[in-house]
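For the protein sequence lines, the chains are A, B and C, in the order given. The end of the first sequence is residue 317 by the working numbering, with every number in the run present. The end of the second sequence is residue 359 by the working numbering, with every number in the run present. The end of the third sequence is residue 1246 by the working numbering, with every number in the run present. Each residue gets a CB set at the ideal place from its N, CA and C atoms; glycine is no exception.
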Amino acid sequence: MSGHGTAPGAVADRTPADDAPVSSGFGAVAGRRLRGVRGATLRHVPRSPGAVLSVLVLLLVLGWAVAPEWFTGQSPTAGTPAERFRPPSGAHLFGTDQLGRDVYARVVHGASLSLRATVVAIAVALVVGILLGLAAGSFGRWADAVIMRLVEVMLSVPPVLLSLTIVAAIGFGTVQVAVAVGVTSVAAFARVMRAEVLRVRTAGYVEATMLLGSRWWRVLFRYVLPAAVGPVLALAALDFGLVVLAIASLSFLGYGEPPPAPEWGALVADGRNYLATAWWLTTLPSLVVTAVVLAANRLSRILETRGERP
Amino acid sequence: MTPARYLAGRVLRAVFVVWAAFTLAFAALRLLPGDPVALMLSGRGGFDTLSPRDIARAKAELGLDRPLPVQYGHALLDALHGDLGASLQTGQPVTRMIADALPSTLALGGTALALALTAGSALAVSAHLAVSPAVRQLLRSLPAFAVSLPSFAVGLLLIQLLSVRWHLFPSLGGTGVAGLVLPACTLAIPGAALVAQVLGKSLHTVLREPYADTVRATGAGRARLLLGHGLRNAAIPAVTVVGLLVGYLIGGAVVVETVFSRPGMGRITQAAVATQDLPVVQGVVVLASFVFAVVNLGVDLLYPVLDPRIRATGRLVTS
Amino acid sequence: MTSAPAGTTRPEAVSQDTPVLRITDLRVGYRTAAGTRTAVDGLDLTAAPGRITAVVGESGSGKSTTAHAVIGLLPPGGRVEHGSVRLEGEELTGLSERAWRDVRGRRIGFVPQDPGVSLDPVKPVGRQVAEVLRVHHLATGRGAAQRAVDLLAAAGLPDPARRSRQYPHELSGGMRQRVLIAMATAARPRLLVADEPTSALDVTVQRQILDHLEALAADTGTAVLLITHDLGVVADRAQHVVVMSRARVVEAGPTREVLADPRHPYTRRLLADVPRLTPRARPATPPAPPAEATSLPRPSPGPAPGSRPAPLSGSAPPVPGPGPASAAGPSGDAPDPGVLLRVRGLTLSFPLRGPGPRRRHLAVDGVGFDIPRGRTLGLVGESGSGKSTTARLVLGLERPEAGTVELDGVDVTAVRGAARRRLHRRVQLVHQNPYASLNPRFTVEELLTEPLRNHRVGDRAQRAATVRRLLDDVALPADVLRRRAAELSGGQRQRVAIARALALGPDLLVCDEPVSALDVTVQARILELLLGLQERHGMAYLFISHDLAVVGQVSDRVAVLRAGHVVEEGATDQVLRTPRHPYTRELLAAVPGRRNPHTPHDPDTPDVPEEEPGETPGEAAARTPHRHDRPTEDTPWS
């Protein structure tokens, strides 16, 4: 599912041409990139109601992850057998499950597992992807050919299958799932990074600075990396929602922490057996996952469009 | 570049990708931690204590005592002959398992693909044709919403409402057309959203190209511009999405078949991973990358049909 | 003219014929985040049948907005706020989208700016022409296809039946523009709006296209509204001219009178700045680098090779190489000590992509020339002539397949690594596009300091002093130091690029189309600057341009390049006045502005401060109509 992240990137908008034809639109493009980097700060984001809501959802989940005990007094693991299958009420916001455990408490305590997995996955994708892309773009034709073939192969296995293969090989658990999901995004990050390196390498101003005696490593640090930060972070933001989704799916399939760990996907999977009698067991945790993914995607789209059009 | 050369290049690439996926899966499953024999024996159950002799004998039986390159060579040769090994769990040949499960998954995937393509394209086009700004805004934000929905959540919600509550469709394990509706829709929703996003973006770009202005300046209306010029040009970058879509459907089938307890490739995969049945996992990966490569080959062959510039140069023109 | 004109309008301006188009007091605004910006203000204009009416102005003057307002296709955010546009007496402003469709293409034809991107790439051109007929129900089916071929033939497309089945990418730029003209004229509109129809084309092709438009107006009685930045084109082709600056008309009238007797200072300056086909005038004595040359930032004064008399040449150590380090070699073909750069037999080819067996395209084929110290060689040619490749070869950015590039007798084609870095202290580049050659993230100070740091020249204080001297050299105020390239105008950026090229005290500056991205008035200032710098510092220039007039103004000698060959080389005066090669003559004949005796005239150059008009940071290149044109504070000139 993180395959969505590899959809063709935004094509630079064409500005309506007015006067004087002789020169091209380089200034506009350069200017937009510049503003993109500056504009993509959080301070610009919360304007529309949707954006405010998204920020609130993510802050709430972050709070759940950091200090779950502030949000619920109930235990996520210990149940009261007498209170099995209670529908949502004031006492149990999300109702209780087959063992009488409070579902809301389980969701709140599951947040830290989900968030940790997401962070690990994105870190794996970022670090490995950036290094591969940088090497492919910098070290000449052989390295480029080998690395890009590798990337092509990674993209040629559907993302979910790729992560399933890795899980099959390295075993089950939150971290294992996170690594498996992160690897599926590596290819996309490597591509973006390589494209940025090549774009900057062939830019007129880099040729100009090489003529002025700059060395390659200096160009790398002063020109390539700063230029690549924007697109790579935009991709990371876009990837966030997809990663949450992929991790929840793998956890749903049963590859996460063993029970009774309250991973979100596993909560939904557990509830499947009681679809007819206890709708809340699947529906409410599903809604939480959906809300987080929606909020993350919404915010990353805002960041992306701010970057494109100040 | 001659057409024959273009074709040869693309076919070669597809073959390479399948070979590489096989190799990658082989490497991932043999080199990463985890002893396949111990796994297998414990998987078949019954052995609480494994004597070293038992293990050695089992290894020799499976050819796992030979050096890795030799194992790899044999596995590759076997795979070329259509032999992907046997399941560690059941001992059944992997190819047989796949052959049994494939029809059901093909029906599901094919239906979902058709649904996703038609619904997605219709959504993208209508978002551009809609006259009312409010409707346009709604149609444009729909794909971004749909792509965020976890398919297990969608599937379970559909079962809850349409099967459990209103009894419109069989809930679990249903076969036949009625049993196909809910899983296919669940699988198609994110796919349709993906198609709508990519095609919509592409249309948006194309309609701002200078040649779109030329068409407007001849007095052509919106519909003629969109259907006569926009779609054809927008389709060139957008057909790439078919490849992505098939990749997504293969992965999505794992979740959807599990949700609906539908027999098929997805269920086999889910079970194989859960029991770390490595030969089966490897077989599924090879098959998936084969399907993926064939689809992408088809996409590559579609480009020159759509874009005369590729016919001339053999290269994708991004202007 | 009913309402009060913003600029000067002569009474003769109103044609005796009934005008096809009459615009009165038009105001167009663009809504932006910052508010509404007026792109056209108080415009009056008429276009008479059978005549060419030109709207001339620099970038951001509002001329293109005017064209788009006439066909009702303003970019998003654009709106006609006031005034009227009448086509044969019928008001066009406020028409519904449906009503507009019967006007566009049918009654007003539009020829767009860049033929390279203005045709649908996936449809045969014949179908695109036929589509216009179908849209307006003028023909159907086979009839439309046949009519399309006829129209293409009428537009001057050779072999129209075959070409009509081809795709745009299979046609040259000139042919595509003919297809666009065929589309624009298919429904026999009464008015043709041509928005810079030739500015993306080579001069020789430009001439053919303009010939065709002129004949079209004369033969069919179509009124042509020609939008252009080129006063030469106006002088040659238009009967009537409207000069725009900063959203307003500053002057309008019959071309002959406006050009012979410009009344508005802006028109006068525009006329003065048009490059003319007159060779460079320079003092007869060879430029012994004068004393001020020392004001050039001279990094560590290296050991001066004995053969190099100019103090300038002390700036870099000799480039090691196979040849003798000091110029006076023992062999017979020892280079003339006055020659700085000697190029011989330079050849480079590129693989061709396309159907059929692998072929190679000879981009540069045996090019040779000499550049003496402190002199300028102009290299002129059309697109694809190999002039930029030659520049890259001279700079060592490409390695030639054959031939030599000798700097002071040392072959530099093979140098790499440290030797190449040393070479580039002596040979620097001023890039064609000042928007691409400056890192948008750097401040001007960082840009100018960079080469000094790269070569470890001086300490902080010395570098700062050098940077200030460089700014003085290119006449930029010190306050630009903190700004970034994106915040500068096109002319300012090119000045920064020049200053940066000067930082290491080069002996040779390779200028690759240094002014072709700039407006005429800015272009003139940059050319003046380059001439002044050469006089002060005694550098040699390799000046590359497609524009013979520009090359003529700065060069001592001119080499004409065609398809990788130098077809003619000689003193500027000789090449411009008595060209020997037919291709040079063709090029010269195609330069616009030669038909009207009034164009190359020298009005008293008005005392206008050197300022780059109409340019706010980054605008000239941005080509966005937004933000750009502020209404001018000029009081109407009378």
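Contact residues within the region 789 to 806 of chain C, judged by C-beta distance below 9 Å to chain B: Met791, Ala792, Ala794, Ala795, Val801
Pairwise C-alpha distance: Gly144 (chain A) and Gly665 (chain C): 44 Å
Pair within 7 Å by beta-carbon distance, Val334 (chain B) and Phe62 (chain B): no
Collapsed DSSP secondary structure at Leu1112 (chain C) in the structure displayed: coil
Any chain C beta carbon closer than 7 Å to Pro233 (chain A): yes
Contact check, Leu257 (chain A) vs Val184 (chain A), beta carbons under 7 Å: yes
Cβ contact (3+ pairs, closer than 8 Å) linking the region 1118 to 1132 of chain C and the region 1098 to 1110 of chain C: yes
Beta-ladder partner(s) of Ala662 (chain C), from DSSP: C:Leu834, C:Val849
Amino acids of chain A, ordered along the chain, whose beta-carbon sits closer than 9 Å to that of Ser329 (chain B): Val160, Ser163, Val164, Pro165, Leu168
Where Gly4 (chain A) falls: helix, strand or coil (DSSP): This structure leaves residue 4 (chain A) out entirely; chain A is present only between 8 and 317.
Cβ-Cβ distance between Arg256 (chain B) and Leu681 (chain C) below 7 Å: yes
Closer than 7 Å to chain C by CB, Arg256 (chain B): yes
Proximity winner among A:Trp149, A:Gly220, A:Arg108, A:Ala150, relative to Ala268 (chain A) (alpha-carbon distances): A:Arg108
DSSP bridge partner residues for Ala1167 (chain C) (one or two, in chain order): C:Leu987, C:Glu1177
Any 3 or more C-beta pairs closer than 8 Å across the region 145 to 157 of chain B and the region 267 to 284 of chain A: no
Inter-residue Cα distance where the pair is Leu1137 (chain C) and Arg876 (chain C): 21 Å
Alpha-carbon spacing of Ile631 (chain C) relative to Val300 (chain A), whole angstroms: 55 Å
Beta-bridge pairing of Val719 (chain C) - partner residues as DSSP gives them: C:Ala802
Members of the region 156 to 186 of chain B near chain A, C-beta cut-off 8 Å: Ala184, Phe185
For Leu878 (chain C) and Leu839 (chain C), believed in contact at Cβ under 8 Å, the rounded distance: 6 Å
Secondary structure of Gln105 (chain A), DSSP reduced to three states: coil
Neighbourhood of Thr1051 (chain C) by C-beta, 7 Å cutoff - its chain only, sequence neighbours within 5 removed: Leu1089, Arg1090, Arg1091, Arg1092
Inter-residue spacing [alpha-carbon to alpha-carbon] between Gly1004 (chain C) and Ser163 (chain A): 41 Å
Beta carbon proximity, Pro720 (chain C) to chain A, threshold 7 Å: no
Residue interval of the alpha helix (DSSP H) (run including Ser996 (chain C)): 995 to 1002
Contact set between the region 59 to 71 of chain B and chain A, restricted to residues whose Cβ is under 8 Å from the partner: Ala60, Ala61, Leu64, Ala65, Ala68, Leu69
Beta bridge counterpart(s) of Gly637 (chain C) as assigned by DSSP: C:Thr646, C:Arg687
Interface residues of chain A facing Leu318 (chain B) [CB-CB closer than 7 Å]: Ala175
Ordered list of beta strand (DSSP E) runs contained in the region 258 to 307 of chain A, each at least 3 residues: none
Same chain, Cβ closer than 6 Å to Ala738 (chain C), neighbours up to 5 away in sequence not counted: Ala752, Ala753, Ala756
Minimum length 3: unbroken beta strand (DSSP E) runs contained in the region 198 to 234 of chain B: none
Contact belief for Val719 (chain C) with Ala794 (chain C) at Cβ below 8 Å, rounded distance in angstroms: The Cβ separation is near 12 Å, so there is no contact.
DSSP-derived helix/strand/coil call for Gln81 (chain A): coil
Per-residue contacts from Leu653 (chain C) into chain A (C-beta, under 8 Å): Per Cβ cutoff of 8 Å: no residues; Leu653 (chain C) is ~16 Å from chain A at best.
Boundaries (first-last residue) of the alpha helix (DSSP H) holding Arg884 (chain C): Taken as a continuous stretch (DSSP letters only), Arg884 (chain C) belongs to no alpha helix (DSSP H), as it is neither H nor E.
Partner residues on chain B for Gly102 (chain A), Cβ-Cβ distance less than 7 Å: Under the 7 Å cutoff, chain B gives no residues; its nearest Cβ is about 15 Å from Gly102 (chain A).
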